[in-house]
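So the structure is just underneath, and the comments pick up after that.
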Amino acid sequence: MNLNGYLNALYESLLMIVLSGIFSVVLGFLLAIVLIYTKEKGLSPRKNLYNALDFVINVFRSFPFIILMFLLFPLSRVIVGTSIGTVAAIVPLTIAATPFAARIIEGSLDTVDKGIIEAARSFGATNRQIIFRVMLVEALPNLVQGITNIFINIVGYSAMAGVIGGGGLGAVAINYGYYRWEDTIMIIVVVMIFLLVQLFQSLGNRIFQKLTR
């Protein structure tokens, strides 16, 4: 295993993490908005809709990622034309991380002081304005911390994706470290994954500190 092999695996892992992270945050944000709107004492309570969406999110969160990835092989094949490889792994990574992202974002938006929301409503703010100009702004530091956790969670998912054909550092770990008993390669991969986690955590901390100054 040469340097180019490690760099290629790192590139594949970063591609999976960044793209699935962005997609899951966007989709999670949309789901969180619906949850915030429809929950009891929400902006526009819809009990049945909230309960249905809450149930679906909980179902997907309960699936172990490895099983979910196998179940989503056909969907990956439909969307990207294959069920194996780095690009194909982005589909199950996104679907696995989206429910987690929705809960994180919902929780962050829920931390906004209800008094601020009522004050905005008294000034004639619409529900959309309350979401995007009040809640989103007030919850931004918490959202940054939550999104950081989402990306770190996906780092772990991406390593598991490599075990079943997703490529990246996980594939190197299983092909060289496990099947060929090359302990040095396994240790290097573990260190690289650790550094990825540190990278995302440090970046998230820096943004959080700038927002809270």
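Counting in UniProt numbering, the sequence shown runs from 1 upward without gaps.
The beta carbon of each residue, even a glycine, is placed where N, CA and C say it ideally should be.
Please return the same chain residues whose Cβ sits closer than 6 angstroms to the Cβ of residue i, not counting the five positions on each side in sequence.
| i | result |
| --- | --- |
| A101 | S24, V25, G28, I150 |
| T212 | P141 |
| T98 | S24, L27, G28 |
| L31 | A102 |
| A120 | I130, V134 |
Ignore the nearest five residues each way along the sequence and tell me which others in residue i's own chain have a CB closer than 8 angstroms to its CB.
| i | result |
| --- | --- |
| residue 289 | Since the first residue of the chain shown is 1 and the last is 213, residue 289 is not available in this structure. |
| M16 | T86, A89, I90, L93, I154, S158, A161, G166, G167, G168 |
| R77 | S83, A88 |
| D183 | G177 |
| M186 | A173, Y176, G177, Y178 |
| L14 | L196 |
| N127 | Y37, L43, S44 |
| E40 | K47, Y50 |
Can the beta-carbon of residue i be found closer than 7 angstroms to that of residue j?
| i | j | result |
| --- | --- | --- |
| L109 | I22 | no |
| residue 289 | V134 | What is shown of the chain runs 1 to 213, which leaves residue 289 out entirely. |
| L169 | V197 | no |
| I117 | I105 | no |
| F73 | S83 | yes |
| A9 | V172 | yes |
| V163 | E138 | no |
| I152 | F200 | yes |
Note down, in chain order, each residue of its chain lying with its Cβ closer than 7 angstroms to the Cβ of residue i, except the 5 sequence neighbours on either side.
| i | result |
| --- | --- |
| A96 | F65, L68, Y157 |
| F208 | P141, V144, Q145 |
| T38 | S44, P45, R46, L49, Y50 |
| E12 | T86, G167, G168 |
Which of helix, strand or coil does DSSP assign to residue i?
| i | result |
| --- | --- |
| R213 | coil |
| R77 | helix |
| G107 | helix |
| T148 | helix |
| F132 | helix |
| E138 | helix |
| I90 | helix |
| S83 | coil |
| T126 | coil |
| I57 | helix |
| P64 | coil |
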